[in-house]
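J.: Protein sequence lines, in the order shown, are assigned to chains L and F.
Note that the first sequence covers residues 9 to 171 in the numbering used here.
Note that the second sequence covers residues 7 to 175 in the numbering used here.
Note that CB positions come from ideal geometry on N, CA and C, so glycine has one too.
In this text, all values refer to a predicted model and were calculated from it rather than measured experimentally.
Below are the structure tokens for one structure; questions will follow.
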Amino acid sequence: MRAFDYLRADDRGQAIGAAAEHTAARYLGGGTNLVDLMRENIEQPATLIDVTALASEITETDEGGLLIGAGVTNSALAADQRVRRRYPMLARALLTGASARSATWPRSAVMCCSVRAASISMTPRHTATSVRPVAAVMPSRASIAITPFSVPRLPVWQYIRPT
Amino acid sequence: MQWTINGRVREAEIDFRTSLLDLLREHLDLIGTRKGCNQGACGACTVLVDGERINACLALAVQYQGRSITTVEGLAQDAELHPVQQAFVEHDGFQCGYCTPGQLCSALGMAGELRRGMPSAVTTDLTSDDIAPSHEELRERMSGNLCRCGAYNGITAAIASTLATEGRS
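Given below as structure tokens:
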């Protein structure tokens with residue numbers, strides 16, 4: 009893993025300001041996705057901006073939707089009764105998101121399953137060579153952000169000849 | 007940097023790249039938390055942060071400054087095992103024991119999730135806040151913790167018994 013600077017944002021303004029000031033900066037949430045990719049040198053940010061201290065509330069909007077704070081974890085989002093009642097597909101996607109990779113990714117709430125993973129599970133396996141966004145693209149901004157890079161091909165069955 | 011680990015304030019100067027797992031094992035000599043896959047797949051490194059379970063291998067220690075972390079070393083009180091540890095002994099919830107610290111912490115985190123009414127991938131009624139810890143629910147919720155010895159029957163029995171006792175008390 010390449011060395012990086014670590015900054016902790018206390019509010020939205022700081023998070024946005026820090027990202028504008030630093031090149032090759034990445035927002036850091038729970039890290040289960042980003043840290044793994046950094047360890048493999050797939051992601052090489054120069055600066056990590058920790059956004060876990062940002063708003064962790066889910067609030068009603070005037071238009072009748074929900075505003076999800078950047079500090080809301082995916083498991084908290086899936087557990088929210090408003091999400092469960094009004095957006096069951098989102099709740100289900102979050103809860104089962106990592107199941108397409110259950111052999112290598114735990115399905116429990118230990119891992120914040122990302123919509124990146126959810127999009128894998130909703131794509132036919134044989135065509136899932138890269139990840140396509142299933143929601144608005146907001147790279148690394150929120151718990152349901154979409155990462156814009158491709159992921160390695162899902163493991164496919166390989167026949168190994170007996171020697 | 008400073009963390010509260012098993013009720014004790016601990017300090018260390020570490021590289022930002024240090025995972026919470028490496029902080030525990032390499033800097034603070036708390037080797038109960040295991041390093042299995044080191045990529046978030048096996049759950050052997052599961053610890054509790056403010057009561058919630060996380061994979062310590064994918065957590066950057068710097069992010070958890072000031073938080074309260076519980077590892078397997080913090081479960082027993084004096085010479086008395088935690089009820090979930092006792093249940094693992096009684097139900098043969100382990101064989102080689104490598105995954106056990108993670109299983110124990112994960113079970114405790116999961117019990118909290120159940121109490122808070124958090125659904126899982128197999129919860130039929132998403133709107134229910136009172137989810138029964140069925141065999142299927144327990145298996146699903148513990149699926150992030152692998153056991154290569156295959157002691158899963160004992161593990162789920164131990165956890166089910168702990169939850170049942172908890173429910174009665």
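1. Could you spell out where the beta strand (DSSP E) holding Ile37/F opens and where it closes?
2. Less than 8 Å between the CB atoms is what I'm expecting for Gly123/F and Asp135/F, so what's the real figure, rounded?
3. Tell me which same chain residues have a C-beta within less than 7 Å of the C-beta of Leu152/F, skipping the five on either side of it?
4. Mind reading off the beta-carbon distance from Ala157/F to Gly108/F? Whole number of angstroms is fine, and I expect it under 8 Å.
5. In angstroms with no decimal places, state the Cα-to-Cα distance between Leu98/L and Glu86/F.
6. By how many angstroms is the C-alpha of Ile76/L removed from the C-alpha of His30/L?
7. Quick check on this structure: which residue in Ala86/L, Thr60/L, Glu68/L and Arg90/L has the alpha carbon closest to the alpha carbon of Ala17/L?
8. Give the interface partners of Pro96/L over in chain F, defined as CB-CB distance under 9 Å, in chain order.
9. Assign Ala32/F to one of three DSSP states: helix, strand, or coil.
10. Using the Cα positions of Leu144/F and Thr162/F, report the straight-line distance between them to the nearest angstrom.
11. State the start and end residues of the unbroken alpha helix (DSSP H) segment that holds Gln89/L.
12. Check Ala23/L in the structure and name its three-state DSSP category.
13. Where does Thr168/F sit, in a helix, a strand or coil, going by DSSP?
14. Where does the unbroken beta strand (DSSP E) through Asp56/F begin, and where does it stop?
15. In terms of alpha-carbon separation, which member of Glu146/F, Ser149/F, Ser167/F and Ala82/F lies closest to Gly38/F?
16. Within the continuous alpha helix (DSSP H) that includes Glu146/F, where are the two ends?
17. Are any of the Cβ atoms in chain L nearer than 7 Å to that of Ala65/F?
18. Enumerate in chain order the residues of its own chain whose CB-to-CB distance from His88/F is below 7 Å, with the five nearest sequence positions on each side excluded.
19. List the residues of chain F whose Cβ lies closer than 8 Å to the Cβ of Arg34/L, in chain order.
20. In three-state terms, what does DSSP make of Gln109/F?
21. Under 8 Å by Cβ, that's how I've got Phe22/F and Val53/F pegged, so tell me the actual separation to the nearest angstrom.
22. If we cut at 7 Å on Cβ distances, does Met7/F have a partner in chain L?
23. Quick check on this structure: which residue in Ile75/F, Glu17/F and Gly42/F has the alpha carbon closest to the alpha carbon of His33/F?
24. Using DSSP's beta-bridge definition, name the partner residues of Leu36/L.
T.: Looking at the coordinates:
1. On the second sequence, residue 37/F is found 31 positions in, with the first residue counted as 1. Premise fails: Ile37/F is in no beta strand (DSSP E) and is neither H nor E.
2. Reading the second sequence from its first residue, position 117 is the one you call residue 123/F. Reading the second sequence from its first residue, position 129 is the one you call residue 135/F. Yes, they are in contact, since the Cβ atoms of Gly123/F and Asp135/F sit about 4 Å apart, within 8 Å.
3. The residue given as residue 152/F occupies position 146 in the second sequence. Cβ contact annotation for Leu152/F (same chain, cutoff 7 Å, sequence separation greater than five): Cys48, Gly49 and Cys105, in chain order.
4. One-based indexing of the second sequence puts residue 157/F at position 151. One-based indexing of the second sequence puts residue 108/F at position 102. About 13 Å; that fails the 8 Å criterion.
5. Translated into positions along the first sequence, residue 98/L becomes position 90. Translated into positions along the second sequence, residue 86/F becomes position 80. In a straight line, the C-alpha of Leu98/L is about 43 Å away from that of Glu86/F.
6. Here residue 30/L corresponds to residue number 22 of the first sequence, with the count starting at 1. Here residue 76/L corresponds to residue number 68 of the first sequence, with the count starting at 1. Looking at the two C-alpha atoms, the distance is approximately 25 Å.
7. For the purposes of this step, residue 17/L is identified with residue 9 of the first sequence, where counting begins at 1. Minimum Cα distance to Ala17/L is reached at Thr60/L.
8. Numbered from its first residue, the first sequence carries residue 96/L at position 88. Near Pro96/L (Cβ distances below 9 Å), the residues of chain F are Leu132 and Thr133.
9. Taking the first residue of the second sequence as 1, we reach residue 32/F at position 26. It is worth fixing the name first, because residue 32/F is Glu in this sequence and not Ala. The answer is helix: DSSP assigns Glu32/F an H, G or I state.
10. Your numbering for residue 144/F matches position 138 in the second sequence. Your numbering for residue 162/F matches position 156 in the second sequence. Roughly 7 Å between the two C-alpha positions.
11. Taking the first residue of the first sequence as position 1, residue 89/L is located at position 81. Start and end: Gln89 to Arg94.
12. Taking the first sequence and counting its residues from 1, one reaches residue 23/L at position 15. Here Ala23/L sits in helix by DSSP.
13. By one-based count along the second sequence, residue 168/F stands at place 162. Reduced to three states, the DSSP call for Thr168/F is helix.
14. Looking up residue 56/F in the second sequence gives position 50. Segment: none, Asp56/F is in no beta strand (DSSP E) and carries neither H nor E.
15. Numbered from its first residue, the second sequence carries residue 38/F at position 32. Nearest of Glu146/F, Ser149/F, Ser167/F and Ala82/F to Gly38/F, Cα basis: Ala82/F.
16. Counting from 1 along the second sequence, the entry for residue 146/F is found at position 140. His141 to Arg147 is the extent of the alpha helix (DSSP H) around Glu146/F.
17. By 1-based counting over the second sequence, the position of residue 65/F is 59. Interface annotation, Ala65/F: in contact with chain L, CB-CB separation under 7 Å.
18. To locate residue 88/F, count along the second sequence from 1; it is residue 82. Closer than 7 Å at Cβ, skipping near neighbours: Leu81 and Ala82.
19. One-based indexing of the first sequence puts residue 34/L at position 26. In chain order: nothing, as chain F lies at least about 12 Å away.
20. Taking the first residue of the second sequence as position 1, residue 109/F is located at position 103. Three-state DSSP puts Gln109/F in a helix.
21. By 1-based counting over the second sequence, the position of residue 22/F is 16. By 1-based counting over the second sequence, the position of residue 53/F is 47. Not really, about 19 Å apart at Cβ, beyond 8 Å.
22. Working through the second sequence from its first residue, we reach residue 7/F at position 1. No Cβ of chain L is located within less than 7 Å of the beta carbon of Met7/F.
23. Taking the first residue of the second sequence as position 1, residue 33/F is located at position 27. For His33/F, the nearest C-alpha among the options comes from Glu17/F.
24. As a working note, residue 36/L is residue 28 in the first sequence. For Leu36/L, the pairing in a beta bridge is given by DSSP as Asp58/L.
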